[in-house]
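Residue numbers for the sequence shown, in the numbering used here: 71 to 1105.
Here a beta-carbon is modelled for each residue, glycine too, at the ideal position from N, C-alpha and C.
This structure is a prediction, so every number in the text was calculated from the model and none was measured.
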Amino acid sequence: MCNEDLSDYTTLPGLAEVVAGASPIISIKDNKNYYAADMEAGFSICAASDAKILSLDLAKFYKIQFLCDGEKVGDLQSITQGQSVTGLGLSLLTIPGDKLVTKSFVAKAPGKFNEIKLVQCGVDATVLSLIKVKYAFVGKAREYTITNNTTNGIGVYAKEQGRWTFTLSTDPRDGFGHLINKPSRLIDADLTNSFTVSAGVALGASTPITVYAKPSDGKEAFPAGTEVGFKYNSPSVLNLGVGNGAMITLYNKDNQQIGSYPISTTVLGLSVLKENKNGELVMKAPADFSAVKLVFPKVIDVDLGADVVNYAFVRMAAEPASHHCAINAPSSCDMGAYQKEFTLQHNPKVDVTWSIVSQPEGSDITLDAKTGLVSNISVPGDYTFKALAADNKCSETTTIHYAKTYKHEDQGVTLLVNDGKNIKYQLSDKFGGGLLSILGDRIKNSNAILTSSLSDFTYRIPNIELAANTGIVGVKTVDGSCLAKDINNTRKVGFVVSSKATGLVASVLKLYNIKLFNKGKEVYQSATTHWGAISAGLIGKEETNKKCLSIDVPADLEFDEAVLYNTGLLKADLAQLNIYYAYVSDATKDNAIENALYGAESISTDNTNASVDLENTKLFSVANVGNGYDRIGNLIDGDPETSFVLPLGVNIGGATVAVNIGETVNPGKQLVMTTDNQALGLGVNLGDVLKVTTYLNGEEMESLSNWQALSASVISTSGKANVSARAAAAGSDNKGYLVLTPTKPFDNVRIKQVDVASALSNITIYDLALRSNISEEGSVNTGKDLVLDENYKLTETNTVDGARLVFNRTFATGKWNSLILPVDMSLAQVKEAFGEDAELSEFDKMEGTWIYFKPVTTETNGVLLQKNKPYIIKPTMEPLANCEYTVDGSTKTLEGKIYIVNGVNYTDQTSEMVRSDNGNGVGMVIKGGYNNPTEVPSRSYMLNNGNMIHTAKVHNVKAYRTWLEETTPSNKNLQMAIRYADGDNTATGITVVEEQSHTSANGIYTISGMRMDGYNTGNLPKGMYIVNNRKMIVK
71 MCNEDLSDYT TLPGLAEVVA GASPIISIKD NKNYYAADME AGFSICAASD
121 AKILSLDLAK FYKIQFLCDG EKVGDLQSIT QGQSVTGLGL SLLTIPGDKL
171 VTKSFVAKAP GKFNEIKLVQ CGVDATVLSL IKVKYAFVGK AREYTITNNT
221 TNGIGVYAKE QGRWTFTLST DPRDGFGHLI NKPSRLIDAD LTNSFTVSAG
271 VALGASTPIT VYAKPSDGKE AFPAGTEVGF KYNSPSVLNL GVGNGAMITL
321 YNKDNQQIGS YPISTTVLGL SVLKENKNGE LVMKAPADFS AVKLVFPKVI
371 DVDLGADVVN YAFVRMAAEP ASHHCAINAP SSCDMGAYQK EFTLQHNPKV
421 DVTWSIVSQP EGSDITLDAK TGLVSNISVP GDYTFKALAA DNKCSETTTI
471 HYAKTYKHED QGVTLLVNDG KNIKYQLSDK FGGGLLSILG DRIKNSNAIL
521 TSSLSDFTYR IPNIELAANT GIVGVKTVDG SCLAKDINNT RKVGFVVSSK
571 ATGLVASVLK LYNIKLFNKG KEVYQSATTH WGAISAGLIG KEETNKKCLS
621 IDVPADLEFD EAVLYNTGLL KADLAQLNIY YAYVSDATKD NAIENALYGA
671 ESISTDNTNA SVDLENTKLF SVANVGNGYD RIGNLIDGDP ETSFVLPLGV
721 NIGGATVAVN IGETVNPGKQ LVMTTDNQAL GLGVNLGDVL KVTTYLNGEE
771 MESLSNWQAL SASVISTSGK ANVSARAAAA GSDNKGYLVL TPTKPFDNVR
821 IKQVDVASAL SNITIYDLAL RSNISEEGSV NTGKDLVLDE NYKLTETNTV
871 DGARLVFNRT FATGKWNSLI LPVDMSLAQV KEAFGEDAEL SEFDKMEGTW
921 IYFKPVTTET NGVLLQKNKP YIIKPTMEPL ANCEYTVDGS TKTLEGKIYI
971 VNGVNYTDQT SEMVRSDNGN GVGMVIKGGY NNPTEVPSRS YMLNNGNMIH
1021 TAKVHNVKAY RTWLEETTPS NKNLQMAIRY ADGDNTATGI TVVEEQSHTS
1071 ANGIYTISGM RMDGYNTGNL PKGMYIVNNR KMIVK
């Protein structure tokens, strides 16, 4: 109904019963225009030629409701006859090759409007329950008589259509004697005279009549799609069952026949008004034409009176209110710094040429105008491109946010975390600054709340009951200064958390409180009544949707400590609560930490060229909400205050609403549905009720049901109003949102009820939006995880593109360690995973008594670290203590020494579990393994705590480690060095320690069980050792 093809239609269910005298069938809203009072508007209805709904008498069962921005404009308006150029209206239109006949339901608007609704006001047993609607329209059709009438004739047509002059003529052979029945009456200025096609004698057929329109510009007179017909008066066609209808024949400008098209007797009968026997014959022209002929093949009952034709006329085809050529380029897309090239997305069915609109200063990217491949990208910032359709009629732009980062300070947010060596904050002590007891062994990884990584978390151990008034975790300043010293307005103080549960019920939220202290004394406390979700830039690297537990704090309050605690009994069956960091924010500013849709993009007509996909929408008749199509346009109007009701329940399983996004959405965007908390509840397992299936260019991509349901103050994302201005008003709306993280690109979504037995019914949907899934450092989480754990062998056989790598590997930070990975990494990814100053080196050669490595600092084809190649690495980033990840739709927690990086591509690498590299010399090879354990032979060289150990026995090591082997043992005392160039005498040496083969427990051993050479502890490198069966730490 909303596409540009005016010939197709949507079949809508009618109603077997009508509530309160009227129930809605369908409503269509123009999201870009308003229309004035007294304008005609309506719906184009189609049905089989014998369908009773085509009868004028049955129009009384339908009315039209006008609306403006969702509010009713006047009362229900009756379907009117309308006034066409013939003075009749409600023509029945025959379309060649189509068994359906089209009719218009029209009403006049009582006031300004931008939406019309078709309403069923009664039920007739002769009318089927289905109604077919082609489109909604506004305004009278542009109609002209093919006559010399000066008011609406061919001269007016030529002027208004920008054509040259026309010459009209008829066939002089037509008629029963030209002196009495002149064919010229069809084309003269008098619209009241007529031409007789049947006389008072029985005939086998009527006389034909033909009208010619010859333009002086040499083109065809009328375009394809034009409705062409005749006004006539006929007593005979009212006698249904008599005759075989009528035949219209079209000709081109060279008088060559285009085709002949029958008009059924039923259509003729329904087209003639019983009162005065006037009627119209109308069909839609399938091709450009310049002449039209009418004949009644067998009008035989002429005793009923003469059949006469007044004139021919044309009605111009309706024009779409807006044009969209479906390029479907994403309006914006986030790209991580690790991506050095990418291909711009668009609908492959539309041929486009790409061009660069703008790029950051200092950037010099390369663009393939036909394929959309962008390469040589390195400068962070926004890149805008334009896709121009091959017909040059339309274009779309797309903006790439490359390596985008967020400055929290600009949003009025202060994160209470330590950055590097600048230690501003510390954990609350065991008393929480007062008499509050802080948990110890029931809270894990407490220090994670202070790290600058927003993905690290402390957590309350599940299945352990917590007593009331128990402190969970707290933060205070080291120097005793106010935590909100830089904020002069009303503040919010909170903790960012997540839970594996879909949502938390309100009664549980009341159990979480925040207490504020100053100099050890309590100064303020409040229940955490705000349970909102954070947005782009504060999400972190994991898929978990984080929320903030926060309280409002007066502007003049001094406090240097904030503690999260519970005031009631937290039962053992509660899900694990992860706590990431604490913060203070300016309550008067809109920001990502308090607004889940900060920077989000509404899926709407204005923002994305969205449209309702009625072809794949399947709704049902429900008396209290009509058939479900009521106000369906509100889904895509960009206004969070208007809503659409999706009817659900036990009687209508399979209800589906489908939306064309209007652009291609790439992984890295989350799909958000704003809904009504009152209808949903926060604790509902939505995955059992609603499923979203995504499509791209008509092909199914994936099905998603792992909803995250959160209570939030959802604000406007329309772009038509100030986002911040709506934030305050939305807080009392009792709205919430549901969020999904697609992993594949899509341009169409279909929301379907999957549990017909669900108690949920009639979900109210206010808005659909796309929000960025970008992390604080500008990496994009596509929702796909690749987990590599040193404690397990590599077993992954699936192909994964653009995944988040979750890597559990024990490193000695700031020292050289061994490493092999089954994925490539760019320089940006190595820095993201292992630290900004991390160093990577590869084996070069064995030369003399030296084992040389050389630094890897330059990418080759965008790759710094090559998959399956053994390396040594010096990481500078401290690992996370844990991380949540998703596998097979289930969220799990990985504990250990966790490193995370986004955007990796993986293919099955399990065919070879040990890989090797000979370097640039002979006599030595470096190997790496993916097994746990991996066996390292005796007399090999392997790194341990920054030292190279020359092994004296076979060792079993964990996965993702490397070692060196001599191809022919030399018994040399080898040394190891990082050499930056051949002949470099400043090479950095790495101590090689000989492992002793003694079996005695006496002596010096590393924690891993390697015996050190000698018995003197004074020369040992820093670390922990076992000396004569006792632990010793060398600092």
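Within the DSSP secondary-structure output, Gly564 pairs in a beta bridge with Ser620, Tyr653. By alpha-carbon distance to Ala459, the top candidate from Ala396, Ser1010, Asn325 is Ala396. Measuring C-alpha to C-alpha distances from Leu497 to each of Lys178, Gly451, Val548, Thr484 identifies Val548 as the nearest. By the Cβ criterion, the stretch 856-870 is in contact with the stretch 1026-1033, since at least three pairs of Cβ atoms, one from each stretch, lie closer than 8 Å. Counted as a single uninterrupted DSSP element, the stretch harbouring Gly225 is not any beta strand (DSSP E) but the alpha helix (DSSP H) occupying residues 224-230. DSSP, read as helix, strand or coil, puts Asn677 in helix. By the neighbour-count definition (other C-beta atoms within 10 Å, threshold 16), Ala1051 is an exposed residue. Assignment of beta-bridge partners to Leu810 by DSSP yields Leu741. The closest CA to that of Tyr227, considering only Ser672, Val203, Lys347, Arg385, is found on Arg385. For Asn736 against Gln415, the beta-carbon gap comes to about 6 Å, under 8 Å, which counts as contact. About 39 Å separates the beta carbons of Leu1044 and Thr867, which is beyond the 8 Å limit, so they are not a contact pair.
Beyond the five residues adjoining it in sequence on each side, Lys659 comes within less than 7 Å, by CB distance, of Gln481, Gly482 in the same chain, given in chain order. Per DSSP, reduced to three states, the secondary structure at Ser254 is helical. Its chain contains Phe175, Leu188, Val203, Ala206 as the residues whose beta carbon lies nearer than 6 Å to that of Phe113, once the 5 sequence neighbours on both sides are disregarded; these appear in chain order.
With distances taken between CA atoms, Ile731 lies nearest to Gly768 out of Phe913, Gly768, Met983, Asn446.
Short of 8 Å from the beta carbon of Asn558, and not among the five residues preceding or following it, lie these beta carbons of its own chain, in chain order: Ala625.
In the structure shown, Gly590 adopts coil according to DSSP, grouped into three states.
Beta-bridge partners of Leu520 (DSSP): none assigned. Judged by their CB atoms, Thr1061 and Asn1014 are not nearer to each other than the 7 Å cut-off. If you compare the alpha carbons of Tyr302, Pro430, Lys410, Asp258 with that of Glu350, the shortest gap goes to Tyr302. Excluding residues up to 5 positions away in sequence, Glu866, Thr867, Asn868, Thr869 lie with their Cβ nearer than 8 Å to the Cβ of Asp978 in the same chain. Setting aside the 5 residues that flank it on each side, Ser986 is surrounded in the same chain by Pro940, Val995, Ile996, Lys997, Gly998, each with a C-beta closer than 8 Å to its C-beta; the list follows chain order.
According to DSSP, Asn1014 shares a beta bridge with Asn1017. The C-beta separation of Ala294 from Asp358 comes to about 5 Å, placing the pair in contact by the 8 Å criterion. In the DSSP assignment, Leu897 falls within the alpha helix (DSSP H) that extends over 897-904.
For Lys997, the uninterrupted beta strand (DSSP E) run begins and ends at 994-999, by DSSP. By the Cβ neighbour-count rule, Val298 is buried, with 16 or more other Cβ atoms within 10 Å of its own. Distance from the CA atom of Thr927 to the CA atom of Phe913, rounded to whole angstroms, is 14 Å.
When the five nearest sequence neighbours on each side are left out, the beta carbons in the same chain lying within less than 6 Å of the beta carbon of Lys739 are those of Leu840, in order along the chain. Counting only unbroken stretches of 3 or more residues, the beta strand (DSSP E) elements lying wholly within the stretch 905-958 are 909-917, 920-925, 941-944, 950-957, in sequence order. When secondary structure is reduced to three states using DSSP, Gln481 falls in the helix class.
Asn1001 places its beta carbon less than 7 Å from that of Lys863.
Comparing alpha carbon positions, the residue from Gln190, Leu889, Lys289, Leu238 closest to Gly232 is Lys289. Exposure of Tyr104 is indicated by the presence of fewer than 16 other C-beta atoms within 10 angstroms of its C-beta. Here DSSP, grouped into helix, strand and coil, assigns Leu414 to coil. Comparing alpha carbon positions, the residue from Ala680, Leu364, Thr726, Pro400 closest to Val267 is Leu364.
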